[in-house]
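Input: a single structure, listed below in structure tokens.
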Amino acid sequence: MPSAPTANRGSAHGTAHGATLNEAQREAIRYLDGPCMVIAGAGSGKTRVITHKIAHLVNAGMRGSAIAAITFTNKAATEMAERLASLVRLPEGERPLVSTFHSLGVQILRRDCKRLGLKPSFSILDADDALAILQQAIATTDRKLLRAAQTRISLWKNAMLGPDEAAAAARDADEHRVARAFRDYAATLAAYQAVDFDDLIGLPVKLLESEPEVAQAWRERLRYLLVDEYQDTNACQYQLLRLLAGPRNAFTAVGDDDQSIYGWRGATLENLARLQSDYPSLRVIKLEQNYRSSVTILRAANQLICGNPRLHEKRLWSELGIGDPIAVLACDDEESEADSFVMRLQAHKFERRTRFADYAVLYRGNHQARAFEQALRREKIPYLLSGGQSFFERAEIRDLMAYLRLLANDDDDPAFIRAVTTPRRGVGNTTLEALGSYCGQRQVSMFAALFELGFETRVAPRQLEALRSFGDFINRIARRAAREPAGQVLDALIAAIQYREHLFDTLEDKAAAVRWTNVGDFVDWLKKRAQDEGSTLAQLAQSVSLLSQLERKDADADAVRLSTIHAAKGLEFAHVFIVGCEEGLLPHRGGEPEGEDDAGESLRIEEERRLMYVAVTRAQRSLTLSWCRKRKRARDLLARQPSRFIAEMQLDANPGAKRTIGAGAARERLGRLRDLLAPDRGKG
DNA sequence: GCACTTTATGTTTTT
DNA sequence: CATAAAGTGC
0 MPSAPTANRG
10 SAHGTAHGAT
20 LNEAQREAIR
30 YLDGPCMVIA
40 GAGSGKTRVI
50 THKIAHLVNA
60 GMRGSAIAAI
70 TFTNKAATEM
80 AERLASLVRL
90 PEGERPLVST
100 FHSLGVQILR
110 RDCKRLGLKP
120 SFSILDADDA
130 LAILQQAIAT
140 TDRKLLRAAQ
150 TRISLWKNAM
160 LGPDEAAAAA
170 RDADEHRVAR
180 AFRDYAATLA
190 AYQAVDFDDL
200 IGLPVKLLES
210 EPEVAQAWRE
220 RLRYLLVDEY
230 QDTNACQYQL
240 LRLLAGPRNA
250 FTAVGDDDQS
260 IYGWRGATLE
270 NLARLQSDYP
280 SLRVIKLEQN
290 YRSSVTILRA
300 ANQLICGNPR
310 LHEKRLWSEL
320 GIGDPIAVLA
330 CDDEESEADS
340 FVMRLQAHKF
350 ERRTRFADYA
360 VLYRGNHQAR
370 AFEQALRREK
380 IPYLLSGGQS
390 FFERAEIRDL
400 MAYLRLLAND
410 DDDPAFIRAV
420 TTPRRGVGNT
430 TLEALGSYCG
440 QRQVSMFAAL
450 FELGFETRVA
460 PRQLEALRSF
470 GDFINRIARR
480 AAREPAGQVL
490 DALIAAIQYR
500 EHLFDTLEDK
510 AAAVRWTNVG
520 DFVDWLKKRA
530 QDEGSTLAQL
540 AQSVSLLSQL
550 ERKDADADAV
560 RLSTIHAAKG
570 LEFAHVFIVG
580 CEEGLLPHRG
590 GEPEGEDDAG
600 ESLRIEEERR
610 LMYVAVTRAQ
620 RSLTLSWCRK
630 RKRARDLLAR
640 QPSRFIAEMQ
650 LDANPGAKRT
660 IGAGAARERL
670 GRLRDLLAPD
680 RGKG
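So the first sequence is residues 0 to 683, counted in numbering that gives the first Met the number 0.
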């Protein structure tokens, strides 16, 4: 087996792949007599339990295609499908459905959305498009209010409250205002035949609740459900699970209350308790043996998390030995934090003969990556940035996506606006405003309005001509898309709009070249996908918005990983650096302290503590924590304190567990190593 | 009326 | 430091 650098694939140390299953794992796999919940501590082999349970079901005679494994991220789904494929060989049509909640939602919706008054070619809006629509609805330019409104509405949706219930639940004037905007927002989405991310769960719930035959059909199709990262489900996802499970209650939920880090997205630990009260016969099985980390690391993790009240008390243990002490680095500022990381990395790598891919830098916020990127680039160390801006959020990709969405769905006004203005074709704000107001009166989409006789008088002839020829163009491409292969039409589209020329006209050559390369990657990816799945351009447009990262082959590259802690969940690395361990960052200080009560405050700290716990438990062999005495924020330099979590891990009380090292020591050591390696290269 | 250039502004985490 | 609203040539 080639050892891949990413998680769960076991770099020699740690993972339980080849080993036999332990008693608790076997029990979790074999138990089929009723609903089952597996409390799987960090590194206890939960993916293994899920894949082996699926294999067990298949061996027991269940059709593979009747089993569904549901994850939260595409990465987890891909990983799961691969591990499963290496365990049981199943023919194409007999493979279990391994999918995220959101893609499952799309599948359910695509089949029967007509019953909800939604056309099958509905558009899926990303957060930015949704935000633009909300901005219209709430009529504000205050970005803070806008963002707050978006999360508020999302939380309402995840709690399964519609605009009416939201208005009833609103506690102050601001929330009432947001509830009113929620109503307009929902109406606008309906007019556009568009849905947002939350609707991908909420609408299937609505559908299965209101159409018993549809629910029945899905229950017959999916006879056993396995849910990964159950602690991250929100009320709406829980309801979807209940509806899919039906009265048969044939499911296994796998989760860990200590790793619940998506409370801000509506995930609620109550779902763990609810599972027990809603299913009294629920069998609860705990996995406490850790196959990943050294005893030192686990002891620190246990020490940290015991500060939280927990639903399921558990104590992780491991047989992997004491391992290296945990180091704490106090740095001057973020540059010196990044510098000392790079120097320690180089020294460590030289001494231990490790690979770059054995190292990961984990941080609270994406902006923290910048200093580390710079330092790594300067030293010519390969790195992989996970999280951060998604490939599909890049402007050039969104431009092309707008065309695809418009081809699929004429009513998608946001896509229309983006496509008609990119590249520029003589249609600007005034024209779009006139078009928008006409559409408002006539209750038609922008695309449909172009060809209406009544619209002709609303804009200047020149603009009308530009709009209509754009409309004709889209119609022509759409006609071709129905007949010809997706890839061919895509090439024709990009050539016809002269996108390459547009990039080089509007940007510096270097930037344009980068974007054009991205376009090429995107097109290749679409073509491959269209071929593999036999999907049309329209269907592709739907699946694309659910992806966060282009699955690239260079995931196997030997490179240092830079990642947010959130994005690192489920992964493991031999040597982990948790950076920015400062009060205010980790734990992060929330928005304004206005009106937040003590209970809310301590809940927030508990989630931050779980986040730190997730970070610590990513490490197999060594763990280094660092913090900065000063950190730039906006324009000024702020004095900072080390995170309370460092103290909570009681590294001092843990003999030999802590080494505090000044940032200068590594610099000197690296200097010596460099001299040793290449004396003439010596530099300051 | 369109398209490009300047100036204020504001930072968690993600499907 | 990067994005989005307001300002200036064409």
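Here a beta-carbon is modelled for each residue, glycine too, at the ideal position from N, C-alpha and C.
- Using a Cβ-Cβ distance cut-off of 8 Å, the region 574-587 and the region 279-292 are not in contact, since fewer than three pairs of beta carbons, one from each stretch, lie closer than that value.
- For L224, the uninterrupted beta strand (DSSP E) run begins and ends at Y223 to V226, by DSSP.
- Given a length threshold of 3 residues, each whole run of the beta strand (DSSP E) inside the region 256-331 is given here in chain order: 282-286 and 325-330.
- Per the coordinates, the alpha-carbon of A216 lies some 50 Å from the alpha-carbon of R369.
- The DSSP-derived three-state label of E581 is strand.
- Rounded to the nearest angstrom, the Cβ distance from G201 to Q230 is 20 Å, too far for a contact under 8 Å.
- Taking all protein chains in view, the Cβ of K74 is crowded by 16 or more other Cβ atoms within 10 Å, so the residue is classified as buried.
- One thing to note: L221 has its Cβ within 9 Å of the Cβ of L96.
- Here D141 is exposed, its C-beta having fewer than 16 other C-beta atoms within 10 Å.
- Taking all protein chains in view, the Cβ of I28 is crowded by 16 or more other Cβ atoms within 10 Å, so the residue is classified as buried.
- Taking the Cα positions, L452 is about 13 Å away from F446.
- If you draw a straight line from the Cα of A167 to the Cα of A147, it is about 19 Å long.
- Under the three-state reduction of DSSP, M79 is assigned to helix.
- By the neighbour-count definition (other C-beta atoms within 10 Å, threshold 16), S259 is a buried residue.
- Residue environment: W263 is assigned as exposed (fewer than 16 neighbouring CB atoms within 10 Å of its CB, all protein chains considered).
- Using a Cβ-Cβ distance cut-off of 8 Å, the region 175-193 and the region 203-219 are not in contact, since fewer than three pairs of beta carbons, one from each stretch, lie closer than that value.
- Across the structure, L274 and A234 are spaced so that their CA atoms are roughly 11 Å apart.
- The residue among T430, N365, M342 and I476 with its C-alpha nearest the C-alpha of L406 is I476.
- Burial state of Q442 is exposed, judged by a 10 Å Cβ sphere holding fewer than 16 other Cβ atoms.
- DSSP places A68 in the uninterrupted beta strand (DSSP E) bounded by I66 to T70.
- In this chain, the alpha helix (DSSP H) harbouring I137 covers A126 to I137.
- Of the candidates L117, D128 and A573, the residue whose Cα lies closest to the Cα of R351 is A573.
- The region 290-298 makes contact with the region 40-51: 3 or more CB pairs, one atom from each, lie closer than 8 Å.
- For D635, the enclosing beta strand (DSSP E) stretches over residues D635 to A638.
- When C-alpha distances from Q497 are compared across S625, D398, A598 and I49, the shortest belongs to D398.
- With fewer than 16 other Cβ atoms from the protein chains shown falling within 10 Å of its own Cβ, F450 counts as exposed.
- The secondary-structure analysis by DSSP pairs A448 with nothing; it has no beta-bridge partner.
- Using a Cβ-Cβ distance cut-off of 8 Å, the region 316-330 and the region 616-635 are in contact, since at least three pairs of beta carbons, one from each stretch, lie closer than that value.
- Excluding the 5 residues flanking it on each side, V194 has same chain C-beta neighbours closer than 8 Å at L108, L117, F121, S122, I123, L124, L188 and L202, in chain order.
- With three or more CB-CB distances shorter than 8 Å, the region 483-492 counts as touching the region 516-536.
- Taking C-beta atoms under 8 Å as the contact rule, N248 and Y278 qualify, at a distance of about 6 Å.
- Secondary structure of Y362 (DSSP, three-state): strand.
- A39 sits in a strand when the DSSP states are folded into three classes.
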